[in-house]
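S.K.: Next up is a structure, given as structure tokens.
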Amino acid sequence: MASLGTQVAVVEVSSVTVMRGDVINIGGQPFKVVDLTELPGRAKRLHFVTGETLTMHSSTQLSAVRTARRR
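Residues 0 to 70 in numbering that gives the first Met the number 0 are what the sequence shown lists, from first letter to last.
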């Protein structure tokens, strides 16, 4: 649950727009992105809290939950 002063939104992400902290649902399971590695061709390898990884190519679009603190 989001704390007071935190805004939650569902956003479409690509390899260009994905960010640390995004939560991506894969196979019904939420995976929180903790690190990103840039790869050739604008691809990125997403590193999750679980230790698992996912290679996201430049044409891939995924839905993610993104939290942002209100200023």
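Just so it is clear, CB atoms sit at the ideal spot from N, CA and C, and this is done for glycine as well.
How far does the beta strand (DSSP E) with residue 37 in it extend, from its first residue to its last?
M.R.: Its beta strand (DSSP E) spans residues 28 to 37.
S.K.: Check whether the Cβ atoms of residue 44 and residue 10 lie closer than 8 Å to each other.
M.R.: No; because the gap between Cβ atoms is not below 8 Å, this pair is not in contact.
S.K.: What does the alpha-carbon distance come out to for the pair residue 67 and residue 19?
M.R.: Distance between the alpha carbons of residue 67 and residue 19 is about 12 Å.
S.K.: According to the Cβ coordinates, are residue 40 and residue 57 closer than 8 Å?
M.R.: Their beta carbons are under 8 Å apart, which means residue 40 touches residue 57 by this criterion.
S.K.: Residue 41 by DSSP, collapsed to three states: which one?
M.R.: Of the three classes helix, strand and coil, the one that applies to residue 41 here is helix, per DSSP.
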